[in-house]
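Trainee:
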Amino acid sequence: MKLSYALPNVLFGLGLLLLSGCTKTPEWTLFYYPDVSAIPVTPLQAEDINGYYDSLAQCQSKAHGMQRLSRSGVSGFGLGSYQCGHLCEFDDKSVLVCKTMSQ
Numbered sequence: 179m180k181l182s183y184a185l186p187n188v189l190f191g192l193g194l195l196l197l198s199g200c201t202k203t204p205e206w207t208l209f210y211y212p213d214v215s216a217i218p219v220t221p222l223q224a225e226d227i228n229g230y231y232d233s234l235a236q237c238q239s240k241a242h243g244m245q246r247l248s249r250s251g252v253s254g255f256g257l258g259s260y261q262c263g264h265l266c267e268f269d270d271k272s273v274l275v276c277k278t279m280s281q
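Everything in the sequence shown is counted per my numbering, starting at 179 for the first residue and increasing by one.
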């Protein structure tokens with residue numbers, strides 16, 4: 179009788195494991211700076227992250243949309259500047275680093 183309860187749990191666990199293996203982690207991170215017209219020279223900050231994207235084109239498209247909103251006054255932001263980081267992560271010293279940066 180206990181086996182009948184364990185089997186659904188095992189199947190659920192296997193299904194969850196298989197589904198998690200099929201997901202792709204976004205490779206591009208959008209850093210958006212709403213109050214500046216040039217990219218800051220300070221190190222990357224987690225609070226400047228405005229999304230994660232599968233491609234550079236998606237990251238750039240989102241950034242351009244945010245800039246358009248900034249110029250229209252809808253979002254309350256200033257001019258806005260951005261950069262897209264590829265494969266970003268925290269290093270041993272908890273500093274946010276990316277393999278490459280693009281605009």
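Backbone N, C-alpha and C define an ideal beta-carbon position, used for all residues, glycine too.
1) Within 10 Å of its beta-carbon, does Leu208 have 16 or more other beta-carbons around it, so buried, or fewer, so exposed?
2) Taking the alpha-carbon positions, what's the Cys262 to Pro218 distance?
3) Based on Cα-Cα distance, which residue from Glu225, Cys237, Ser215, Tyr211 lies nearest to Pro204?
4) Secondary structure at Glu225, three-state DSSP: helix, strand or coil?
5) For the ligand MG, is there any heavy atom lying closer than 8 Å to the beta carbon of His264?
6) How would you label Ala241, buried or exposed, when you count the other beta carbons within 10 angstroms and need 16 or more for buried?
7) Hey, Lys202 and Asp232 are a contact pair by Cβ (cut 8 Å); roughly how many whole angstroms apart?
8) Starting from the C-beta of Trp206, find all residues in its chain whose C-beta is less than 8 Å away, skip the five residues before and the five after it, and write them out in chain order.
9) Under three-state DSSP, which class holds Gly263?
Mentor: Taking the coordinates as given:
1) Along the sequence shown, one-based indexing puts residue 208 at 30. Leu208 should be labelled buried.
2) Numbered from 1 along the sequence shown, position 84 holds the residue referred to as residue 262. Numbered from 1 along the sequence shown, position 40 holds the residue referred to as residue 218. If you take the alpha carbons of Cys262 and Pro218, they lie about 13 Å apart.
3) Locating residue 204 in the sequence shown gives position 26, where the first residue counts as 1. Looking at the Cα atoms, Cys237 is the closest of the given residues.
4) On the sequence shown, position 47 is the one that residue 225 refers to. Correct three-state label for Glu225: helix.
5) Looking at this structure, you won't find the ligand MG or any other ligand, since it has none at all.
6) Numbered from 1 along the sequence shown, position 63 holds the residue referred to as residue 241. Per the 10 Å Cβ criterion, buried.
7) As a first step, residue 202 must be located in the sequence shown, where it is residue number 24. As a first step, residue 232 must be located in the sequence shown, where it is residue number 54. The Cβ separation is near 7 Å, so the contact holds.
8) Counting from 1 along the sequence shown, the entry for residue 206 is found at position 28. Counting only Cβ-Cβ distances below 8 Å, and skipping sequence neighbours, we find Tyr230, Tyr231, Asp232, Ser233, Leu234, Gln236, Cys237, Cys262, Gly263, His264.
9) The count along the sequence shown starts at 1 and reaches residue 263 at position 85. Reduced to three states, the DSSP call for Gly263 is strand.
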